[in-house]
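Participant: Before I ask anything, here is the structure I am working with.
Residue numbers (this note's numbering): -15 to 286.
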């Protein structure tokens, strides 16, 4: 016959007397409560320690206002040392969220703040950067320095380009140029057609990236040293200070074609024939000379 094994009872529970059983049960219950209390007693202390650490961290990056900084360099050091950006700005110094805190104070270092913002946030998303075609000019020497010249043709309609588009594209072109090769000077000309590049002018605007904003100081810097470079942008063309979208009389695509033909092929043809460039253009497009002159006037002043 199989014999069942009886497990020994705990001390105090071996007696058959009811009062002894009740007393032992009470003692064990108190011991259990004590053990549970000891186990969970450390939690509040841990929370308190965490709160102290949080307070210390907050003290290290205490909330500041723009008036707490003596100059833009002190602001820049504070901003970069704490890895702040438009997405991480506990003091709300960057009111408009463009990555440039205390706009008035940091005006002279806007380029540095903008570049740092792109490092922290990765720059604008692909959807935010207008599409465009970039034409690289040849690198040239200027006062023993490398001068890069670019032409940008936005893909959008001329009358839809605004200052924000020019700024965003300029930032991307400058960043890409830095990664490609070291330079001293960089200029970006915004035009509306490839033909406009032949005249060395700009239509939407022009962005210069020079040391201290001055071309003459380039020789004092090593290629790739952009510590004092500034972004300076002119909006509008040489002949018209407004953007195409601000002009009521911007030429049509056909008028631009006539203008470029008149300024190029038609002019060359007139040297070997008796017809004038206006007459050659009128014959080419099947319009009157008056229509050609109107197109020339519009395009020349765009």
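Yeah, the Cβ is synthetic: ideal placement off N, Cα and C, and Gly gets one too.
Quick check on this structure: which residue in 239, 157 and 15 has the alpha carbon closest to the alpha carbon of residue 193?
Facilitator: Within the chain shown, the letter at position 209 stands for residue 193. Among 239, 157 and 15, the Cα nearest to that of residue 193 belongs to 157.
Participant: Going by C-alpha to C-alpha distance, which of 97, 270, 178 and 152 sits closest to residue 57?
Facilitator: As a working mapping, residue 57 is identified with position 73 in the chain shown. With distances taken between Cα atoms, residue 57 lies closest to 97.
Participant: Specify, as a first and last residue, the run of the alpha helix (DSSP H) that residue 73 falls within.
Facilitator: On the chain shown, position 89 is the one that residue 73 refers to. Counting along the chain, residue 73 falls outside any alpha helix (DSSP H), and DSSP gives it neither H nor E.
Participant: Between residue 228 and residue 234, which are expected to be in contact by the criterion C-beta below 8 Å, what is the C-beta distance as a whole number of angstroms?
Facilitator: By 1-based counting over the chain shown, the position of residue 228 is 244. By 1-based counting over the chain shown, the position of residue 234 is 250. Correct: roughly 5 Å between the Cβ atoms.
Participant: Relative to the C-alpha of residue 51, which candidate in 86, 69, 78 and 18 has its C-alpha closest?
Facilitator: Position 67 of the chain shown, counted from the start, is the residue given in the question as residue 51. Of the candidates 86, 69, 78 and 18, the one whose C-alpha sits nearest the C-alpha of residue 51 is 86.
Participant: Would residue 82 pass as a contact of residue 70 if the rule is Cβ separation under 8 Å?
Facilitator: Along the chain shown, one-based indexing puts residue 82 at 98. Along the chain shown, one-based indexing puts residue 70 at 86. Cβ distance < 8 Å, so residue 82 and residue 70 count as in contact.
Participant: Quick one: which unbroken beta strand (DSSP E) runs of 3-plus residues sit fully inside the stretch 193 to 223? Chain order, please.
Facilitator: With a minimum length of 3 residues, the continuous beta strand (DSSP E) runs that stay inside the stretch 193 to 223 are 213 to 219.
Participant: Would you kindly work out how many angstroms separate the C-alpha atoms of residue 150 and residue 257, rounded to a whole number?
Facilitator: By one-based count along the chain shown, residue 150 stands at place 166. By one-based count along the chain shown, residue 257 stands at place 273. Looking at the two C-alpha atoms, the distance is approximately 43 Å.
Participant: Can you check which of these residues, 174, 221, 169 and 173, is closest to residue 197 by C-alpha distance?
Facilitator: One-based indexing of the chain shown puts residue 197 at position 213. Nearest of 174, 221, 169 and 173 to residue 197, Cα basis: 169.
Participant: So what does residue 272 bridge to, in DSSP terms?
Facilitator: Stepping through the chain shown from its first residue, residue 272 is reached at position 288. Answer is none; residue 272 lacks a bridge partner.
Participant: Given residue 94, which residues of its chain have a CB within under 6 Å of its CB, disregarding the five upstream and five downstream residues?
Facilitator: One-based indexing of the chain shown puts residue 94 at position 110. Here the set comprises 84.
Participant: Using DSSP bridges, identify the partner residues of residue 136.
Facilitator: Within the chain shown, the letter at position 152 stands for residue 136. In the DSSP output, where bridge partners are listed per residue, residue 136 has 118 and 174.
Participant: How is the alpha helix (DSSP H) around residue 251 delimited, first residue to last?
Facilitator: Position 267 of the chain shown, counted from the first residue, corresponds to residue 251. 249 to 254 is the span of the alpha helix (DSSP H), which, as asked, contains residue 251.
Participant: In terms of residue numbering, what span does the alpha helix (DSSP H) encompassing residue 154 cover?
Facilitator: Along the chain shown, read from residue 1 onward, the residue named residue 154 stands at position 170. 147 to 164 is the span of the alpha helix (DSSP H), which, as asked, contains residue 154.
Participant: Please report the straight-line C-alpha distance between residue 179 and residue 244, rounded to a whole angstrom.
Facilitator: On the chain shown, position 195 is the one that residue 179 refers to. On the chain shown, position 260 is the one that residue 244 refers to. One C-alpha to the other measures close to 7 Å.
Participant: Please return the same chain residues whose Cβ sits closer than 7 Å to the Cβ of residue 68, not counting the five positions on each side in sequence.
Facilitator: On the chain shown, position 84 is the one that residue 68 refers to. Around residue 68: no qualifying Cβ.
Participant: Just curious, the alpha helix (DSSP H) that residue 46 is in, first and last residue?
Facilitator: Start at 1 with the first residue of the chain shown, and residue 46 comes out as number 62. Run containing residue 46: none; DSSP gives neither H nor E here.
Participant: May I ask you to report which of helix, strand or coil DSSP gives residue 191?
Facilitator: In the chain shown, the residue the question calls residue 191 occupies position 207. Reduced to three states, the DSSP call for residue 191 is strand.
Participant: Kindly list the residues whose CB is nearer than 8 Å to the CB of residue 129, restricted to its own chain and excluding five residues on each side of it in sequence; keep chain order.
Facilitator: For the purposes of this step, residue 129 is taken as the residue at position 145 of the chain shown. The residues are 167, 168, 169, 202, 203, 205 and 207.
Participant: Going by DSSP, name the residue or residues bridged to residue 67.
Facilitator: As a working mapping, residue 67 is identified with position 83 in the chain shown. None, per the DSSP bridge assignment.
Participant: Look up residue 169 in the DSSP assignment and give the residues it is bridged to.
Facilitator: Here the question's residue 169 lines up with position 185 in the chain shown. 131.
Participant: Is there at least one non-hydrogen atom of the ligand MN closer than 7 Å to the beta-carbon of residue 168?
Facilitator: As presented, the structure is devoid of all ligands, the ligand MN included, so that no description of it is given.
Participant: Kindly indicate which three-state DSSP category residue 84 falls into: helix, strand or coil?
Facilitator: Stepping through the chain shown from its first residue, residue 84 is reached at position 100. Coil.
Participant: Taking its Cβ as the centre, do 16 or more other Cβ atoms sit within 10 Å of residue 19, making it buried, or is it exposed?
Facilitator: Numbered from 1 along the chain shown, position 35 holds the residue referred to as residue 19. Residue 19 is exposed by the Cβ-count criterion.
Participant: Enumerate in chain order the residues of its own chain whose CB-to-CB distance from residue 78 is below 6 Å, with the five nearest sequence positions on each side excluded.
Facilitator: Taking the first residue of the chain shown as position 1, residue 78 is located at position 94. Once the five neighbours on either side are set aside, the close Cβ partners of residue 78 are 70 and 85.
Participant: Report the residue from 216, 242, 238 and 186 whose alpha carbon sits nearest the alpha carbon of residue 226.
Facilitator: On the chain shown, residue 226 is found 242 positions in, with the first residue counted as 1. Residue 186 is the option with its Cα nearest to residue 226.
Participant: With residue 105 as the anchor, note down where its alpha helix (DSSP H) starts and where it stops.
Facilitator: The residue you call residue 105 lines up with position 121 of the chain shown. From DSSP, the alpha helix (DSSP H) with residue 105 extends over 94 to 105.
Participant: Measuring alpha carbon to alpha carbon, tell me which residue in 209, 222, 159 and 199 is nearest residue 174.
Facilitator: Taking the chain shown and counting its residues from 1, one reaches residue 174 at position 190. Closest option to residue 174, Cα to Cα, is 222.
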